[in-house]
Structures are given as C-alpha cells and as structure tokens.
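**Q** Going line by line, the protein sequences match chains A and B.
Here the first sequence stands for residues 186 to 383, numbered as in this note's numbering.
Here the second sequence stands for residues 72 to 822, numbered as in this note's numbering.
Even for Gly, the Cβ is constructed at its ideal location relative to N, Cα and C.
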Amino acid sequence: MNRRHILILAAAVPLAARALPFDPNVISRLSLDGKPRSLAIRQGAEVWLGYDLERATVFKTWQAPVGKPGLIKAGFATRSAGEAWFTDQTDDSWQLRRGGQTLPVKVRYLGCSHREKHIELTWELLHETGALKLHERIPLAAAPAADRVARELRVESLADGEELLPPAAMRKAWKITHESKATATSLTGTAPHRFTLP
Amino acid sequence: MNHAFHRFLALTLWISATTSLAAELSPGLDLPATMIFSKGPNEYAGDALEITKGRGSNIGWYVQAGKQEEVEVFIEYACEKPLDQAYQLSFDGKDSFWEVPVTQKGEWARAKLGTFQMRAGLPVLVMLVPPSNRKYDHPLRFRKLVLRGRTAGNLALISIPAEPAAPVATPGFGQKLDALHPALEMSDLRDESLTMRISGMAMRGKRELLFTTWDGDLFSLDLDAIPAKGPQPFRRIAQGLSEPMGLVIADGRIFVTEKNEATELIDADGDGAFETYRCVSHDWPCTMDSHEYLFGAVMQDSHLYFSSSVAMGTRGGDNRQAPLRGSAVKVHVDTGKTEIVAGGLRTPDGIGLGPRGSILITDNQGEWLPADKLIHLQPGAHYQFRSRAPWHPLDHMEPTPPAVWLPHGEIANSPTAPFLLPSSWGPYAGHVLFGDATFGGLQRAFLEEVDGVMQGAVFPFSQGFRHLFHRFEFTPEGELFAGGIARGSDKEFIHRVSGLTLIRYTGKAVFEPLAARLKSNGLEVEFTQPLKDGSGWSPAGYHVTQWGYQGTQTYGGQKVRHRLAEVRSATVSADRRRVFLELPGIITGEVVHVRLPQSLTSESGLPLWAGDVWFTVNRIPKDRPGEVRPAPPEALAVTKPHFKFSKDDAGRVLYQNFCAACHSLNDTKLVGPTFSGLAGSKKKVRDPATGKTSEVKATADYLRQSILEPNALLVEGYPENLMPPIGAILTPAQIDALVDYIVKASKTQKK
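Encoded structure:
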C-alpha cells in the first residue's frame with residue numbers, strides 16, 4: 186500500500202470513526218509531577234515514560250500499579266502512580282564532545298508527532314557554533330521483557346569525531362546500543378541508538 | 072467647574088482643612104497612622120499601627136495644597152526583623168518602593184521615602200501599601216508619614232472627599248443591561264450533552280468554524296450543516312491540547328496557544344488528523360501555577376501575538392513571578408524567533424486586532440490594576456502589573472495607561488477578547504466589542520487617536536445571553552460566533568454558561584450614544600439617531616463625573632479625585648446627532664463618565680437603549696475645540712428634573728459593581744455563596760489560620776468583617792483568597808451602604 190492508497194482510505198473513513206492522534210491515555214501533554222514543561226507517554230499497557238521537555242530527556246520511567254492507572258489527572262496537571270524504574274531529578278542536560286572538549290548545549294523543544302506505532306519527539310540543541318537536531322522515537326508497543334523500556338534516539342548534523350553525551354543519570358542507568366549492536370555511551374553519527382532499561 | 076469656582080472650592084477646602092486639622096502654619100505636615108482611612112485587618116498599639124497583614128490594608132490619607140510645590144516624604148517606623156519585600160509608596164499616583172531598613176529594638180527610625188510633586192487645588196492621595204498578603208513574624212510598627220514642603224501652611228490633611236451622588240440606577244443607566252440589544256438576534260448552538268468551555272475560535276475557509284476548548288479539544292462545525300433544531304454537528308478533530316486559550320488560522324495553517332507553548336497543528340498527510348504538534352516557541356519561563364496561561368492569539372505579518380498571564384498562587388506568599396510573566400509576546404511562525412513586546416500585564420485574557428492595524432489587549436482588575444483595561448499594545452510599554460525584584464525588563468515606573476479604562480463592576484469584571492466590528496454592522500462598523508467571563512454580555516468601545524495616542528469611550532451594548540463570552544469569530548457574511556467559558560468547581564454553572572452562540576446584526580434602528588470624541592474644551596457625544604428637536608441643550612441633562620485611578624500592590628485600587636464635573640454648556644449639532652459638552656475641568660489621565668437621562672428620546676421617538684459613557688482622557692487635543700452655541704430659549708425650559716437621586720440606591724449599585732458577579736440574591740449558583748436568606752442565618756465558617764470551624768450568625772458586623780478581611784472566616788467549602796479584599800478600595804461610608812443593602816436584599820429578594 187503506497188501513500189496514495191493511504192490517503193484514499195483515510196478520506197473514505199469518517200474522522201469520528203478513526204482514533205485521533207494524541208489520545209491522553211497514550212500521550213499526556215499536561216504537566217507531569219510538578220514539571221511545567223513535560224509530558225508522559227505510555228509504552229505497552231502499563232509502562233510510562235515522563236519527559237522533561239526543557240532538558241530533552243526522560244526524567245522518570247514507571248510501571249502502573251496492577252489494575253490501576255499509572256497516570257492520575259488532577260485539574261490540568263498529572264502525577265505518576267506506580268513503581269518507579271528510573272528517576273532523574275538533576276538538572277543535567279546533553280553535552281557535545283568535540284576534540285576532547287565538552288561543550289554545553291541549550292535545549293529547545295520542537296514538538297512531537299503521534300504516528301501509528303510510535304511517538305516522535307524532536308529538540309534542537311544549540312551550541313556555540315551551531316545546532317543539532319535530536320530525534321527520539323518511543324514505540325507504543327511494549328518493549329521485550331528483558332529490556333523493560335525501549336527508545337530510539339538519533340541526532341542530525343554531528344560532524345565526524347563529535348559525540349553527543351546524554352545526561353549523566355541516563356548514561357548511568359540506560360543501556361545504549363549502537364545500530365551495529367555495539368554498546369555505546371554517547372550518540373555518534375546519524376544512525377539510531379537504542380536505549381533500554383535493563 | 073469653571074476656574075473661579077475651582078479656586079473657590081480649593082480655597083474653601085484648604086481653609087477648612089488647615090483650621091481643623093493642621094495645628095500650625097508650617098511647611099511640613101504629619102500624616103499620623105491614627106488618621107488613615109481604615110486600619111483594615113491590622114491593629115493599633117497606641118498611636119502606632121502594627122502592620123501584620125498586607126492584603127486588605129488601606130493605609131492612606133488625602134492631602135491638599137494651595138499651590139503646587141515639591142514635597143519630601145519621610146516615614147517614622149520600627150521594624151526589628153528584615154522584610155523580604157518592599158513597601159509601595161504612592162504619592163498622587165506616582166509610585167516608589169521602599170526596602171525597609173531594620174531598626175534597633177525599642178527604637179523608632181525615620182527614613183526618607185522620596186520627593187514628589189504636589190499638585191494644587193485637588194485632593195491628593197498618599198498611600199503606603201504593604202506587600203500583598205504577607206504575614207510577618209514581627210510587625211512593622213508604623214507611626215506616621217511626614218511631608219516636608221517649602222511653603223508654610225501650604226499643605227493640609229483633609230478628610231476623605233465625599234463621593235458625588237449618583238443618579239438612581241436602572242439597566243443601562245448605571246446598572247448592567249438586562250436584555251439583548253434590539254438590533255441583535257441570537258441562536259444558542261449549545262449541545263446539552265456537551266460542556267464546551269470555548270477558549271479559541273477561528274474560521275477555516277468560508278464555511279467551517281474551528282474552536283478549541285479549555286479541556287484540550289479542537290472542534291469543527293460545518294456552517295452549512297447547522298440544523299434548525301437539535302444537536303449541532305460538532306466534530307472533534309484534535310485532542311490532547313494543553314489548556315489552549317487561543318486559536319489562529321492563517322494561510323491554512325493552524326496555531327494554538329497552549330498552557331506553556333505556541334503550537335502549530337500539522338496534518339502532513341492530509342488525512343484530516345493532526346499527527347504533529349509543532350512547538351513554535353516556548354522561550355519564556357513558566358511554573359506550575361494554575362493561573363499562568365497564554366492568551367490569544369492574533370496573526371500579523373507572519374507573527375503570532377499573544378500574552379502571558381501572571382501566577383496567582385504566589386500572592387499569599389512571596390509574590391515571586393517567573394521572569395517575563397505578564398508579557399505581550401511576538402513569535403515568528405516559521406523561525407520561532409520570540410520577542411517580548413510589552414510587560415506589566417496581569418490576566419490579559421483577550422487579544423484582538425483593532426482599528427488601523429492596532430493590536431488590543433484586555434486585562435483584569437486586581438493587583439496593581441485598579442480597574443479593568445482595554446489596552447493598545449505598544450512596543451516597549453509597561454502596563455503596571457509588577458511583583459517584586461527581579462522586575463520585568465520593560466518595567467519603568469511610569470506605566471503606559473490603557474486606551475480605555477473599564478471601570479470594574481460598572482462596565483467590566485473579567486473582560487475577554489476584543490474584536491473589530493465589520494462593515495456589515497451598520498453604524499457600529501469599526502467599533503470594538505469585547506466579552507466578559509463574569510460580567511457577561513458584550514461591551515462596545517469607540518477608539519480615537521490624538522497625536523498618535525489611543526483613547527476612547529466604552530458603552531454598555533448587550534446582555535441577554537446565556538453564555539459568558541470568551542472568544543469570537545465572524546463569518547465572511549458578518550455573522551458572529553461567540554463562545555462562552557467559566558471557571559470554578561460548580562459543574563452545573565460551567566455547563567450553563569459555556570457553549571456556542573450565533574449572533575446576527577439585524578440593522579434595526581436603535582437610539583443610543585454611538586461614539587465620543589475628546590475636544591480641547593470638552594467631550595462630543597455622537598448618537599445613532601437624531602435627537603428630538605429642541606432636546607439635549609440643557610447642561611443639567613448630563614450627569615458628568617470624573618476621576619483618576621490609584622493601583623496598589625495588594626489588590627485593585629480606588630478611584631481618586633472622584634468629583635462632579637462642571638458641564639458649562641451643551642450644544643446640539645445642526646443634524647442633532649451630536650452633542651458637545653463643554654467641560655472646563657478635563658484632566659489628562661482621568662476617566663470622564665457621562666450619564667444621560669432616560670427621558671432623552673430620538674427624533675422618531677425611540678427611547679435611549681443605554682445612557683452611560685466612560686471616556687478615558689489620555690491626550691487632550693490642542694487645536695480641536697468643540698463648537699459652543701447658545702441654546703434656543705425654549706430648549707432650556709425644564710419641566711422636571713432629569714435625574715433622581717436616592718441615598719438607598721448607593722448600596723444597590725455597590726452590590727452590582729462589586730458583589731453581584733459572585734454572590735447572587737436568588738439562589739443562583741455563582742462563584743461565591745449566595746446572599747439569598749443570608750442576613751440573620753447561621754453559617755459554618757472556618758478560620759484558615761487555625762483550621763477550626765465554628766458557627767456564626769450572619770449579622771451586619773459579620774458581613775463588614777467579611778468585606779474588610781475576606782480570609783478571616785471562610786464559609787465552609789470556599790477556599791482562602793477566593794474573595795478579593797474589596798474593603799481596601801471602598802470608603803467606610805460605602806461599606807456601610809453596601810452592608811445595609813446586603814442585609815435588606817438578602818431578606819427580601821429570595822426566589
């Protein structure tokens with residue numbers, strides 16, 4: 186089925202009959218756990234990822250209590266409920282490593298897309314000589330049990346020899362795997378890197 | 072008021088005050104704590120006021136001078152512990168801040184607060200305003216202010232100037248309208264099964280209306296599919312938005328201002344679903360405060376313009392705001408480049424395009440805002456709301472005045488989106504309407520520019536709607552869609568006043584004041600219809616008052632120099648559509664209010680629809696005099712008075728102005744508890760300081776305390792800080808009149 190077929194099919198189905206993107210039960214764009222610019226994404230039936238949009242990073246991953254929601258809405262804010270698998274309460278952000286030097290980056294959130302099988306988040310990382318674009322893809326299906334949580338990140342515009350270092354807590358807790366299956370501690374090149382939570 | 076009379080009045084007041092209050096002729100003047108208007112929630116210890124509470128405090132005096140001169144202001148005080156917030160000193164509307172130096176135990180200190188210009192001949196308000204709602208561990212003890220002028224006997228402490236008597240009020244004449252404008256028709260397009268708090272509205276193409284709801288959805292309405300009866304074919308086309316408060320469609324692109332970001336909704340594959348929410352900008356700080364919103368937006372030259380509101384949760388504490396809150400913001404829709412255009416906004420719920428390419432913003436009365444506002448957005452301007460250091464980068468102590476003051480409770484309460492009326496709206500084309508999320512209805516403004524400065528008049532226009540309008544959009548044919556909204560916890564109330572209304576202008580002739588224009592020597596009022604021949608010439612047929620405003624950092628502010636204006640003459644134009652009122656006492660920075668008599672009719676015999684005009688004087692034109700002609704002799708023959716006055720009416724008007732938006736008299740659920748059956752009843756109340764509950768009898772004293780100190784005893788089920796401390800902005804006589812009215816009305820106006 187090509188793109189033209191999809192469009193024809195979409196036009197033939199009344200919008201009301203199709204699921205709209207950004208179902209709050211899948212992706213909540215309300216503030217989470219006291220962070221004003223944050224969102225929460227559900228992976229599988231019971232795992233949630235909380236994103237700090239100003240740091241371009243996951244700040245919490247948790248599993249909903251059995252038979253209960255993992256995200257509680259109170260007014261126009263939400264809070265996580267369940268067992269925390271990962272938390273990052275620091276202000277650490279991404280860093281660019283170039284020629285043995287580590288450079289800070291300024292994070293700018295660029296938005297999110299809700300595709301059929303995944304959510305994509307995008308940020309711009311501004312540094313002293315330019316900007317990088319960081320893409321994160323969060324599959325909506327449950328991760329394999331061994332991984333618990335799975336995400337894919339890639340970065341645009343890294344030059345040869347440059348590396349993008351995740352925030353320290355992420356480097357410490359998450360397993361980063363390069364496309365070549367090799368374990369990594371940073372993002373290099375333009376290929377996706379898989380982040381899992383052993 | 073002519074100059075001779077003015078001088079006489081000033082001299083009389085001055086002599087009276089100096090003989091009664093000033094003990095001796097001296098260039099200085101003491102303003103003792105014991106002679107302030109009202110101690111509010113604070114207590115005296117001897118001759119000192121122990122200031123432990125800011126919200127509701129009203130530490131002020133009126134002073135008058137025979138001639139203009141420079142005055143230094145000193146304070147005598149004691150404060151043994153450092154305070155983390157500054158006091159506001161306002162002298163005739165000029166503000167300064169005082170960081171309180173700590174004093175030694177048991178010692179009184181004297182500190183200079185500033186040097187100010189004392190105007191001549193009019194009462195000048197001097198106010199010392201503590202930080203909002205701060206409760207100090209140890210009080211600041213305040214004994215007096217000392218003014219030091221240069222001329223012996225020039226300064227005098229005077230008692231509170233009496234408010235000018237107001238004519239008896241009826242709907243449209245001193246009281247909110249109670250019906251639909253005769254030239255409007257409306258259809259309620261609500262769907263009883265849905266509660267739609269409409270927060271943004273825009274047309275996509277010529278026949279599709281899109282609107283957002285506060286709850287985060289985007290709906291579509293095909294205008295060709297609106298049925299004569301039954302549920303509307305609303306289609307939800309997007310969801311998961313975060314408290315959207317504005318919607319703009321330009322060149323087919325859809326932009327939404329959400330809680331913390333400006334967002335573009337993108338349907339790249341054209342399947343009708345918006346799969347990408349692109350963040351256009353979020354380049355300003357925010358907190359978790361529920362009152363921080365982005366309001367708007369409008370599009371101009373590929374830029375989104377919207378405004379950000381300030382936090383309210385901090386006003387019970389340290390008053391800190393996130394940097395840049397209260398700004399008008401400009402964002403390029405492609406690059407996301409973000410600029411702060413102006414600052415000093417509080418709750419600027421409405422933004423819209425005005426005449427001649429201008430951008431207008433409405434703002435809500437509260438801290439620093441003594442009244443509601445219709446603002447002409449100007450780059451670099453600061454509109455006076457401030458919290459504490461670090462100040463907004465555009466804060467400068469001389470605030471930019473609004474184009475039109477909207478007197479709180481008289482013509483506005485929570486003004487919402489302003490919008491320009493199209494050419495199909497007959498005589499009103501080019502005028503500005505705006506809604507109100509509390510006062511309800513539609514209000515109309517006419518704007519003019521003098522030397523590039525915008526000013527104008529506001530008029531009552533229409534009530535009679537079910538919804539509290541928040542956002543508006545026209546179809547190309549000039550039909551107006553208006554969307555209602557409400558906040559609070561009462562779901563039934565929210566459901567009742569939220570939703571969509573379609574409004575049509577019918578062109579029916581209505582007799583009402585259409586416009587007002589300032590001349591060098593007075594105000595010209597234009598009418599929609601010619602006046603009845605021979606009418607309109609009597610100056611006594613125009614009840615004109617004028618006043619300035621004083622904002623405070625605690626809450627709201629008050630009218631100052633509120634006085635009857637002299638109407639020296641009234642001249643009817645040859646076509647009898649305009650009346651020029653010669654007003655020799657007009658002052659820049661004040662509001663002139665004109666009440667027309669209900670007896671005034673049009674040439675065709677139409678009665679006046681509404682008779683109130685509030686004009687804001689920002690710039691008096693130098694070479695634009697109004698024409699003054701002698702009245703035809705028979706035109707001044709008065710058979711009966713134009714206005715009736717009643718002392719008992721004052722309390723009712725105060726109730727309408729300050730209470731009715733939240734407290735009904737007929738069991739209707741509003742934001743606050745109903746007054747129906749209140750007097751003499753027993754109420755369960757909670758002391759928020761101790762958490763203890765008790766039962767009190769709702770006596771006049773209880774009502775008075777609730778007005779002066781709303782947080783002292785809270786009716787069960789109502790939170791702290793819900794009720795504004797209006798006691799701080801009312802005179803003791805006004806509070807008496809209000810309490811009397813509430814006691815009587817709560818007994819007699821039950822459903």
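Using a Cβ-Cβ distance cut-off of 7 Å, determine whether B/Tyr-576 contacts chain A.
**A** Start at 1 with the first residue of the second sequence, and residue 576 of chain B comes out as number 505. Output row for B/Tyr-576: interface = no.
**Q** Nearest to B/Thr-406 by alpha carbon, out of B/Asp-389, B/Ala-296, B/His-614, B/Asp-354?
**A** Taking the second sequence and counting its residues from 1, one reaches residue 406 of chain B at position 335. Closest by alpha carbon: B/Asp-354.
**Q** Would you be able to state if there are at least three C-beta pairs under 8 Å between the region 213–232 of chain B and the region 662–682 of chain B?
**A** Result no; under three Cβ-Cβ pairs closer than 8 Å.
**Q** Under a Cβ-count criterion, where at least 16 other Cβ atoms within 10 Å of its own Cβ denotes burial, should B/Met-563 be classed as buried or exposed?
**A** Numbered from its first residue, the second sequence carries residue 563 of chain B at position 492. Per the sequence shown, residue 563 of chain B should be read as Glu rather than Met. B/Glu-563 comes out exposed.
**Q** What are the complete beta strand (DSSP E) segments, minimum 3 residues, inside the region 158–233 of chain B?
**A** Here the runs fully enclosed are 158–162, 165–169, 180–189, 195–200, 211–219, 226–229.
**Q** Quick one: which chain A residues come within Cβ less than 9 Å of B/Glu-314?
**A** The residue you call residue 314 of chain B lines up with position 243 of the second sequence. Result: Leu-215, Phe-261.
**Q** Consult DSSP for B/Ala-804 and reduce its assignment to one of helix, strand or coil.
**A** Taking the second sequence and counting its residues from 1, one reaches residue 804 of chain B at position 733. The answer is helix: DSSP assigns B/Ala-804 an H, G or I state.
**Q** Can you tell me which residues form a DSSP beta bridge with A/Lys-366?
**A** Looking up residue 366 of chain A in the first sequence gives position 181. Paired residue(s): none; A/Lys-366 is not in a bridge.
**Q** So with Cβ pairs under 7 Å, would you call A/Pro-254 a contact of chain B?
**A** Residue 254 of chain A sits at position 69 when you count from the first residue of the first sequence. Not closer than 7 Å to any Cβ of chain B, the Cβ of A/Pro-254 fails to qualify, so no.
**Q** Where DSSP assigns a beta bridge to A/Glu-341, which residues make up the other side?
**A** Here residue 341 of chain A is taken as the residue at index 156 of the first sequence, counted from 1. A/Glu-341 pairs with A/Lys-318.
**Q** Could you check which residue in B/Trp-608, B/Asp-101, B/Leu-571 has the C-alpha nearest to that of B/Ile-146?
**A** In the second sequence, residue 146 of chain B corresponds to position 75, counting from 1. It is B/Asp-101.
**Q** If we count Cβ pairs, one from each stretch, closer than 8 Å, do we get three or more for the region 261–276 of chain A versus the region 285–294 of chain A?
**A** Result no; under three Cβ-Cβ pairs closer than 8 Å.
**Q** Looking at C-alpha atoms only, which residue of B/Tyr-613, B/Asn-592, B/Phe-746 is the closest neighbour of B/Lys-693?
**A** Locating residue 693 of chain B in the second sequence gives position 622, counting from the first residue. Of the listed residues, the one whose Cα sits closest to B/Lys-693 is B/Asn-592.
**Q** Could you tell me whether any Cβ in chain A is nearer than 7 Å to the Cβ of B/Ala-344?
**A** Indexing the second sequence from 1 puts residue 344 of chain B at position 273. So, interface residue.
**Q** Within 10 angstroms of the Cβ of B/Lys-330, are there 16 or more other Cβ atoms? Answer buried if so, exposed if not.
**A** Taking the first residue of the second sequence as position 1, residue 330 of chain B is located at position 259. B/Lys-330 comes out buried.
**Q** Under a three-way DSSP split, which group does B/Pro-668 fall into?
**A** Sequence index remark: in the second sequence, residue 668 of chain B carries index 597 (1-based). The answer is coil: DSSP assigns B/Pro-668 none of H, G, I, E or B.
**Q** Given this structure, state the Cα-to-Cα distance separating A/Arg-333 from A/Ala-204, to the nearest angstrom.
**A** For the purposes of this step, residue 333 of chain A is taken as residue 148 along the first sequence, with counting starting at 1. For the purposes of this step, residue 204 of chain A is taken as residue 19 along the first sequence, with counting starting at 1. Their backbone Cα atoms lie some 27 Å apart in a straight line.
**Q** So which residues on chain B does A/Asp-208 lean against when the C-beta distance must stay under 9 Å?
**A** Here residue 208 of chain A corresponds to residue number 23 of the first sequence, with the count starting at 1. Within chain B, the residues near A/Asp-208 are Gln-310, Gly-311.
**Q** Would you mind listing the beta strand (DSSP E) stretches within the region 482–562 of chain B that are 3+ residues and don't spill past its ends, in chain order?
**A** Whole beta strand (DSSP E) segments, 3+ residues: 486–491, 503–507, 513–521, 524–533, 540–545, 551–555.
**Q** Determine the chain B residues that contact A/Ile-212 at a beta-carbon separation under 9 Å, and present them in chain order.
**A** Position 27 of the first sequence, counted from the first residue, corresponds to residue 212 of chain A. Correct list: Gly-311.
**Q** Let's test the definition: count the other Cβ atoms within 10 Å of the Cβ of B/Arg-700 and tell me whether it reaches 16, buried, or not, exposed.
**A** Position 629 of the second sequence, counted from the first residue, corresponds to residue 700 of chain B. Under this definition B/Arg-700 is an exposed residue.
**Q** Taking C-beta to C-beta, are B/Trp-285 and B/Ser-270 nearer than 7 Å?
**A** If you number the second sequence from 1, residue 285 of chain B lands on position 214. If you number the second sequence from 1, residue 270 of chain B lands on position 199. A contact, by the Cβ cut-off of 7 Å.
**Q** Is it buried or exposed for B/Glu-481, if we count other Cβ within 10 angstroms and need 16 for buried?
**A** Taking the first residue of the second sequence as position 1, residue 481 of chain B is located at position 410. Buried, since its Cβ has 16 or more Cβ neighbours within 10 Å.
**Q** Across the region 448–458 of chain B and the region 628–648 of chain B, are there enough close Cβ pairs to call them in contact, namely three or more that are closer than 8 Å?
**A** In short, these stretches do not touch, since the Cβ pair count stays below three.
**Q** Would you decide whether B/Ser-817 is buried or exposed? Buried here means 16 or more other CB atoms lie within 10 Å of its CB.
**A** In the second sequence, residue 817 of chain B corresponds to position 746, counting from 1. So B/Ser-817 counts as buried.
**Q** Taking the CB atoms as reference points, tell me whether B/Gln-629 and B/Gln-621 lie closer together than 7 Å.
**A** As a position in the second sequence, residue 629 of chain B is number 558, starting the count at 1. As a position in the second sequence, residue 621 of chain B is number 550, starting the count at 1. A contact, by the Cβ cut-off of 7 Å.
**Q** Using the Cα positions of B/Gln-776 and B/Ala-783, report the straight-line distance between them to the nearest angstrom.
**A** Counted from its first residue, the second sequence places residue 776 of chain B at position 705. Counted from its first residue, the second sequence places residue 783 of chain B at position 712. Roughly 8 Å separates the two Cα atoms.
**Q** How close, in whole Å, do the beta carbons of B/Val-404 and B/Val-351 come, if the pair is a contact with beta carbons under 8 Å?
**A** Within the second sequence, the letter at position 333 stands for residue 404 of chain B. Within the second sequence, the letter at position 280 stands for residue 351 of chain B. Going by Cβ atoms, the distance from B/Val-404 to B/Val-351 rounds to 6 Å, so yes, they are a contact pair.
**Q** Would you identify the three-state DSSP class for A/Met-355, choosing helix, strand or coil?
**A** Locating residue 355 of chain A in the first sequence gives position 170, where the first residue counts as 1. Note: A/Met-355 maps to helix in three-state DSSP.
**Q** Please state if the CB of B/Gln-436 and the CB of B/Asp-67 are separated by a distance shorter than 7 Å.
**A** The requested residue 67 of chain B does not occur in the structure, where chain B is confined to residues 72 to 822.
**Q** Shortest alpha-carbon distance to B/Gly-612 belongs to which of B/Ala-708, B/Arg-558, B/Arg-648?
**A** In the second sequence, counting from the first residue as 1, residue 612 of chain B sits at position 541. Per the Cα distances, B/Ala-708.
**Q** Measure the C-alpha to C-alpha separation of B/Ala-94 and B/Gly-220 and round it to an integer number of angstroms.
**A** Residue 94 of chain B sits at position 23 when you count from the first residue of the second sequence. Residue 220 of chain B sits at position 149 when you count from the first residue of the second sequence. In this predicted model, B/Ala-94 has a pLDDT of only 46, less than 50, meaning its place in the structure is not dependable; the value taken from the coordinates is given anyway. C-alpha separation (whole angstroms): 16 Å.
**Q** Determine the contact status of A/Glu-341 and A/Arg-322, defining contact as a CB-CB distance below 7 Å.
**A** Within the first sequence, the letter at position 156 stands for residue 341 of chain A. Within the first sequence, the letter at position 137 stands for residue 322 of chain A. Not closer than 7 Å, so no.
**Q** I need the boundaries of the alpha helix (DSSP H) containing B/Ser-735, first residue and last residue.
**A** Residue 735 of chain B sits at position 664 when you count from the first residue of the second sequence. No alpha helix (DSSP H) contains B/Ser-735, which DSSP labels as neither H nor E.
**Q** Could you give the distance in angstroms between the alpha-carbon of B/Lys-753 and the alpha-carbon of B/Pro-202?
**A** Counted from its first residue, the second sequence places residue 753 of chain B at position 682. Counted from its first residue, the second sequence places residue 202 of chain B at position 131. One C-alpha to the other measures close to 34 Å.
**Q** Examine chain B for any beta-carbon lying closer than 7 Å to the beta-carbon of A/Arg-222, and answer yes or no.
**A** Looking up residue 222 of chain A in the first sequence gives position 37. For A/Arg-222, the answer is yes, since a Cβ of chain B falls inside 7 Å of its Cβ.
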